[in-house]
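What follows is a short report on a single structure.
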Amino acid sequence: MKVRELDMVLDQIPCTHILVGGDVNTKSPLWGPDIQCHRSLEEAQPLVDLIIKHRLNLWNQPDSPPTFETTNGRSWIDITAASVTLDRYAQSWKVIQDTLSDHNYLAFTLGQIATRCVYPRFWLNKNRAFKVANTISSKYSNISDLVDKIQDRAQLDEFVQEFTQAIQTACTTRKTANTQEHRRVPWWDDELTVLRKQVRHDRRRFQRSKNPNERMVRRATFCKSRAIYRRKLLEKKNQSWLRFCERVSRINV
């Protein structure tokens, strides 16, 4: 399955508990050590964007054994990722190397989970509600004729489902258009998003550690990634401010 197809599937899942795993055939420091191989980091960018978009947390440990091993080499190309609501129930994650396959097993343990499905809800002010109503009115201007043609329960169910989907689509479209009007800060970019994701990943690994020695090492890793993120954040802010000052100076000249 391609990343784009997986993205479409995740968009259609109403449940809050999502678990994704498999062979992604790409490398990234988010799920494995940064080693030299024929794969480039750019190949993993679409998958990283998907993980960020759907707010998934990676369970892979960068210091774990390789997930793929052959006589020609080894790599870390298999991942396990889960939604935030499911991540809190994760008790363990490990790579099992005693297998008959080139791909090692990824084993994890979950605690007791309370399942719950979430259906879309839209909060519309009067202006947005009016626009949604106009959209539906234009699409179903002949709704009386459509209703009169319904002859049995199956046709009624089909019409209700189609009509409900049209309303949800109209609400989602209006919500997206409204959200795009509120742009994020100009200095934020994909690099900062990836760094922030790495910091959160390292912090979770540190907080889950039980062994004192392991906890000390993971705390150092977390502090290092947090320092890199903060330094880059300050750098982006300063660069953005300097560019703004230069533009203002040129205008006032």
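Okay, so the sequence shown: first residue is 1 according to the UniProt record's numbering, each after it adds one.
All residues carry an ideal CB built from backbone N, CA and C; glycine is no exception.
- A distance below 8 Å between beta-carbons, with the five flanking residues on each side excluded, links residue 51 to the following residues of its chain, in chain order: 30, 58, 81 and 197.
- In the DSSP assignment, residue 6 falls within the unbroken alpha helix (DSSP H) covering 3-12.
- When rounded, the separation of the alpha-carbon atoms in residue 130 and residue 170 is 11 Å.
- The region 195-214 makes contact with the region 228-240, as at least three CB pairs between them are under 8 Å.
- A Cβ-Cβ contact shorter than 9 Å links residue 48 with residue 28.
- Positions of the alpha helix (DSSP H) runs, each at least 4 residues long and wholly inside the UniProt domain "Endonuclease/exonuclease/phosphatase" (5-106), are given as 45-53 and 84-87 in order along the chain.
- If you draw a straight line from the Cα of residue 122 to the Cα of residue 200, it is about 30 Å long.
- Taking the Cα positions, residue 166 is about 37 Å away from residue 187.
- Secondary structure note for residue 210: it is in no alpha helix (DSSP H), with a DSSP letter that is neither H nor E.
- Rounded to the nearest angstrom, the gap between the Cα atoms of residue 247 and residue 191 is 24 Å.
- Approximately 6 Å separates the beta-carbon atoms of residue 83 and residue 17; this is inside 8 Å, confirming the contact.
- In this structure, residue 32 places its C-beta atom within 9 Å of the C-beta atom of residue 77.
- For residue 136, the uninterrupted alpha helix (DSSP H) run begins and ends at 126-139, by DSSP.
- Its Cα nearest to that of residue 239, the residue 189 stands out among 209, 189 and 211.
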